[in-house]
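The structure appears below as structure tokens.
There are 6 protein chains.
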Amino acid sequence: MRLDELNWMDVEKYLSHEDRLIFVIGACEQHGYLSLLTDVKVPMALADAASQRTGVLVAPPVNYGVSPYFLAYPGTISLRLNTFVDLVEDLVRSSYGQGFRRFLFLNGHGGNDSARARLFELSNQLSGMRLAWHSWWVSHSVEMVAQKYALKPSHANWLEAFTFTQVAELPEGEKTPPAVRGLLSAEEARILYGDGSFGGPYRADEAVMDELFAACLADVMQLLANLN
Amino acid sequence: MRLDELNWMDVEKYLSHEDRLIFVIGACEQHGYLSLLTDVKVPMALADAASQRTGVLVAPPVNYGVSPYFLAYPGTISLRLNTFVDLVEDLVRSSYGQGFRRFLFLNGHGGNDSARARLFELSNQLSGMRLAWHSWWVSHSVEMVAQKYALKPSHANWLEAFTFTQVAELPEGEKTPPAVRGLLSAEEARILYGDGSFGGPYRADEAVMDELFAACLADVMQLLANLN
Amino acid sequence: MRLDELNWMDVEKYLSHEDRLIFVIGACEQHGYLSLLTDVKVPMALADAASQRTGVLVAPPVNYGVSPYFLAYPGTISLRLNTFVDLVEDLVRSSYGQGFRRFLFLNGHGGNDSARARLFELSNQLSGMRLAWHSWWVSHSVEMVAQKYALKPSHANWLEAFTFTQVAELPEGEKTPPAVRGLLSAEEARILYGDGSFGGPYRADEAVMDELFAACLADVMQLLANLN
Amino acid sequence: MRLDELNWMDVEKYLSHEDRLIFVIGACEQHGYLSLLTDVKVPMALADAASQRTGVLVAPPVNYGVSPYFLAYPGTISLRLNTFVDLVEDLVRSSYGQGFRRFLFLNGHGGNDSARARLFELSNQLSGMRLAWHSWWVSHSVEMVAQKYALKPSHANWLEAFTFTQVAELPEGEKTPPAVRGLLSAEEARILYGDGSFGGPYRADEAVMDELFAACLADVMQLLANLN
Amino acid sequence: MRLDELNWMDVEKYLSHEDRLIFVIGACEQHGYLSLLTDVKVPMALADAASQRTGVLVAPPVNYGVSPYFLAYPGTISLRLNTFVDLVEDLVRSSYGQGFRRFLFLNGHGGNDSARARLFELSNQLSGMRLAWHSWWVSHSVEMVAQKYALKPSHANWLEAFTFTQVAELPEGEKTPPAVRGLLSAEEARILYGDGSFGGPYRADEAVMDELFAACLADVMQLLANLN
Amino acid sequence: MRLDELNWMDVEKYLSHEDRLIFVIGACEQHGYLSLLTDVKVPMALADAASQRTGVLVAPPVNYGVSPYFLAYPGTISLRLNTFVDLVEDLVRSSYGQGFRRFLFLNGHGGNDSARARLFELSNQLSGMRLAWHSWWVSHSVEMVAQKYALKPSHANWLEAFTFTQVAELPEGEKTPPAVRGLLSAEEARILYGDGSFGGPYRADEAVMDELFAACLADVMQLLANLN
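Right, here's the structure in full:
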């Protein structure tokens, strides 16, 4: 269930028996041939599926994240670090004030991880809170699938090429991952990465992607169960 | 066309002949019996319709706005003023850097208007930019429709009760608008507003709502045409 | 009574029987042929008059406001949005800490309205506070006077041309209000507005101005009475 | 000449032959038996006198400063350090943008000195600027007068007891200066300082005060001349 | 060579032929039985050794980092996320302004990684800069040594138990790593981690530590060579 | 005793009988022929000596301060005012949370004094705290030594030329102090100050320096005793 399907009375009822909430944290940034909103679509799909199974509410997605290194790719819209972590703080404080206590942050973008530092600060201030931050691809399950099919997971390659993130035909074959040295400016990143993928196969069989999604969903289910 | 249906190459093509972009700015806050995301859904529907007619791109919605006075209603998730205006600044700077020059902010929530002050500051720094901020219900057209049917527009009454914002049965009849004195705290606002509507009829005929939507869409079309 | 006529012992005595305080919030910005401090002078005059009748204390004026769009006019000195709202917060917190509880913000400048968002945030944090924000010209009374004499009120026209805001001879006649599209940069605003007035008659008869002032003062008296 | 006596056209004319501007920076804080606005009144009087002699413009005073240690005295209204230095930055940037280049900050309150750090930062960013910060009582001239009459200058004693800062009868005689150890909280400061004076004689002969004022004015005249 | 052994003339000479600079970024936080400054001592030792071999200058260490989760352990002194990233930005801007262009951040503490987001932002603003951020234990070399001796590296275990970080006798044997769920508050972390080590062997043979140090130093040497 | 020689258990023991802590606040900035870290080395030496006599703990030094005016001298690395005061706040809050209550800030750099304003703000928020801020050269004792030997103390002259701050041969003789008008930009400061000393004798006899150090140490001992 997403918040947008409810009114406040529904949420009040929900809070009488449940205090978990899922925040979907994404990005609007280049993903090679894939949708600019890939980092929203994947965790949102996982959140929806987990919500269907558990009834845990899903807040509307944060559609923008921290992507300064991709700003030379048109369509990348990035928040400054400070803006982003302030926003994450506001999400927690607002809902904590109403009785939500256990939060799962389902994150779709690596650049957003800095928000954890702010969440640690918050956990020292708001008592009785439970916080989990999960970047869906940082997982033993994902590694397992990747190893099983000998596919190296990376930004904007097969790993993120679900049916629902594709907006154009994907290239056949593989891309050689470019060698990166140090922290690149947006200009340098565009030159280095060209089409935007970090390399490896552009796509995998639909069956593999289904297996991947199922594995990731199991992770999320586990995390929701662990939020105690 | 929404950004999420495109990849960066599509946006690069778009920028070769067009530099307008629509930002949908909403809120996640109580709307009485209506959806908590009403302030996103209305401007998003308008943006989609206008985009269909003009081809102007629509960025993913900002799902959270400035709603401190509704925080005692469960499901209201509010950004601090600073967080919100910083976010708006980041949207502009990111896309300006890629060649977008004319921005229409389609705003769904009155509390967000403070962002205009920051946009004025930005317009002094980024040359050749055109900015319009439009709160869809602040319009001669809306007044006309309201007067024609003798319906007073207000927060969470008929004005926002489109088919697509309804998530529960709406009450019949009217609510007497409560008298407000000064700036209320969230606790006081909840006591004063009860179900959350600011009063007046809870709903209007579907034909009225269609007329309203058409009028609002015409406003948006005009604003897009004026962005020169 | 203004704070500058008192020492701290006087204020301590005052707080033993009264907890209201008037803050005058202005701007230092172009007002066409009128004083650069027009937005301070008008609310200050109202505050002084109301203070004389009620004994409510008046804090020293905030002489600078949010006027980024007029920065191309010499003598306009503008605070950034953040600076300004932080300042307003500090005024409230300092005096709340000493026992003041009911605050009337008498505002002289439209660009300052963003501070209300911060005041709402504060009202969620400081209990037992009463806050009113009043922009003196946003009033049914002002509309009545304007309609009675068929004078359209606007920035730097007759509306603000009191005896005490005039620093130069005013032009005869009327100015055609320029058509504004979108949010203007300071450079664009200066080109569009020329002498700085937003159009309409430059002045009204002194009797009209007296009537206007009396109506505005009645508003302020009512607001002070309502602060409960 | 104060800005409030002018309109923007006057300032434009001024800027055609002069680029100096005086900012009066004060505080609203306890001064024992003296006016809560003493730290505005003194530098404002000096600025007005210097302006009369030189024609250099005086901007409207900043009526609030950094006085956290006096917050337990009713009527003290203090800005946080950050608010205050941001405000000072905005004053400089706004007027620099219009052609002002040489700024004299006439400061009435010791707690405001931190703003100098920000002014140094600004001087690295805005070329061709000349900045002077003068706390009127930190001066060889003041020391001379004090020594001549064997009067020790201190907060809220004779040093600030001009005719125009007195709002109540002053005590006869002297107060023994309390011994201060470390940085006091507002509560501790009120207990320690009692009536608010830092000790020494409460008043001096009017002739001494005239001599003091003349000496301070000479300092300001010299600073204005040196601003090259 | 450390900056503290030089005066500014020495640095000016250095800049005539070299533009690299090493910043040592640490933390002051609990490390079980090891020194509270472990996260400074290790990267400082590596920086000194690399500097001896290459002549690249080492700036004075940042002795405090982002450690909110350890604040319940006495002696842990943590910077807020914002403070820390602002500080890192200031280091870069100050030295960039003098001609330094290639910066190696030698980081001793995992919680500091958020600074990379700010560094990416800076790399979009300061042209011709080369930035590398290296957390010394995040390295293939370290993994190799760990695997070779079947030692699992973790916070405050053998991995950080160099001679120069020991300030007390270390326990014999191993600690079972506690299972962590979600983001812990400082109180929870102290309860969970007890003595502060994250588990595994408390120490390794000195020969192993020498091998580890040599491997880490080789990493740093490579990074300095790659900074082009 | 410095924190780096201890682990957290040691600090816990310390806190069972003592709650004082010394913070050494320095700068990394040009000091003429002396070390760039002079402003760290002097207060650190004093802190170490006082710690040896009293057992009061010394936190790791803050190696960077507020030195915008020296940024044109290579090797000067300056924090913005805001960064610096936020850092100082974090030091206090972190250690206060663990039971430290009495803090002596031993400051080596005049530009850091602005932090006192923030410390006053903190003292209003954290009860039972004792704070002292001491810039080691601002002292009657230092004046006495200076007068005794007819040496005028100033930045980067004999006053700071201890054995342990010297990194190069010092010039013989004296430098005529340049006349300063107003607040200088970094570029102007470099031109005015040349080698970086503010003038006067470059060095004094070792016996004088020993006497100076002893006098300064006595000050620190007194301050530690007074922290009640």
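Just so you know, the protein sequences line up as chains B, Z, W, A, D and V, in that order. For reference, each letter of the first sequence is one residue, going 9 to 236 in our numbering. For reference, each letter of the second sequence is one residue, going 9 to 236 in our numbering. For reference, each letter of the third sequence is one residue, going 9 to 236 in our numbering. For reference, each letter of the fourth sequence is one residue, going 9 to 236 in our numbering. For reference, each letter of the fifth sequence is one residue, going 9 to 236 in our numbering. For reference, each letter of the sixth sequence is one residue, going 9 to 236 in our numbering. A virtual CB, placed ideally from N, CA and C, is assigned to each residue, including glycine.
Residues near residue i in its chain [Cβ-Cβ closer than 8 Å; skip 5 each side]
i, result
"Z:Asp-27", "Gly-107, Phe-108, Arg-109, Arg-110"
"W:Leu-11", "Val-19, Leu-65, Val-66, Ala-67, Pro-68"
Where the beta strand (DSSP E) through residue i begins and ends
i, result
"V:Val-32", "28-33"
"A:Leu-89", "From DSSP, A:Leu-89 is part of no beta strand (DSSP E) but of the alpha helix (DSSP H) over 89-104."
"B:Ala-57", "No beta strand (DSSP E) holds B:Ala-57; the alpha helix (DSSP H) holding it covers 46-62."
"Z:His-142", "138-143"
"D:Leu-191", "It is not in any beta strand (DSSP E) - D:Leu-191 carries neither H nor E in the DSSP assignment."
"D:Arg-110", "110-115"
Residue range of the unbroken alpha helix (DSSP H) whose run includes residue i
i, result
"W:Asn-234", "214-234"
"B:Ser-131", "123-131"
"B:Leu-200", "194-201"
"V:Leu-23", "16-23"
"W:Ser-162", "Here W:Ser-162 belongs to no alpha helix (DSSP H), and DSSP marks it neither H nor E."
"Z:His-148", "148-156"
Neighbourhood of residue i by C-beta, 7 Å cutoff - its chain only, sequence neighbours within 5 removed
i, result
"W:Ser-175", "According to the sequence provided, residue 175 of chain W is Val. The question's Ser does not apply to it. Contacts found: Leu-42, Ser-43."
"W:Leu-235", "Arg-28, Arg-110, Leu-112, Arg-138, Ala-140"
"Z:Thr-46", "His-39, Glu-168, Thr-173"
"B:Ile-85", "Cys-36, Tyr-72"
"D:Leu-178", "Tyr-41, Ala-169, Tyr-210, Arg-211"
"B:Glu-219", "Val-153"
"Z:Ala-197", "Tyr-77, Phe-78, Ala-80"
Member of the options whose CA lies at the smallest distance from the CA of residue i
i, options, result
"W:Ser-123", "W:Glu-20, W:Asp-98, W:Gly-208", "The sequence given here has Ala at residue 123 of chain W, not Ser. The candidate whose alpha carbon is nearest that of W:Ala-123 is W:Asp-98."
"Z:Leu-14", "B:Ala-212, B:Glu-37, B:Ser-162, B:Thr-91", "B:Glu-37"
"Z:Leu-54", "Z:Gln-230, Z:Leu-225, Z:Leu-231", "Z:Leu-225"
"D:Gly-208", "D:Phe-78, D:Ser-162, D:Asn-115, D:Leu-23", "D:Ser-162"
"V:Ser-193", "V:Val-50, V:Gly-119, V:Met-52, V:Leu-79", "V:Leu-79"
"A:Thr-184", "A:Thr-171, A:Glu-195, A:Lys-160", "A:Lys-160"
"D:Gly-119", "D:Val-100, D:Asp-213, D:Val-146", "D:Val-146"
"Z:Glu-182", "Z:Ala-215, Z:Ser-24, Z:Ser-205", "Z:Ser-205"
"A:Arg-189", "V:Glu-214, V:Ala-233, V:Ile-199", "V:Ala-233"
"B:Val-93", "B:Ser-103, B:Asn-115, B:Val-70, B:Arg-126", "B:Arg-126"
"Z:Tyr-22", "Z:Val-216, Z:Met-52, Z:Tyr-157, Z:Ser-103", "Z:Ser-103"
"W:Val-191", "Z:Ser-75, Z:Leu-87, Z:Asp-121", "Here residue 191 of chain W is Leu; the residue named in the question, Val, does not match the sequence. Comparing Cα positions, the closest option is Z:Asp-121."
"A:Phe-221", "A:Trp-144, A:Pro-186, A:Leu-200", "A:Trp-144"
Contacts around residue i, its chain only, beta-carbon distance under 6 Å, and the 5 residues preceding and following it disregarded
i, result
"W:Met-9", "Ser-59, Leu-65"
"Z:Ala-7", "Residue 7 of chain Z cannot be examined here, being either before or after the span of chain Z that is shown, 9 to 236."
"B:Val-100", "Leu-130"
"W:Asp-203", "Gly-40"
Supposed close pair residue i, residue j - CB separation, criterion 8 Å
i, j, result
"B:Glu-116", "B:Gly-34", "Rather than Glu, the amino acid found at residue 116 of chain B in this sequence is Gly. The pair is a contact, with the Cβ atoms about 4 Å apart (cut-off 8 Å)."
"D:Pro-186", "D:Leu-114", "In fact, because the Cβ distance is near 29 Å, the residues do not count as touching under 8 Å."
Exercise. Per the contact definition of three or more C-beta pairs closer than 8 Å, is the segment 53-66 of chain W in contact with the segment 11-31 of chain W?
Worked result: yes
Exercise. Are the segment 125-142 of chain W and the segment 65-84 of chain W touching by the rule of at least three beta carbon pairs closer than 8 Å?
Worked result: no
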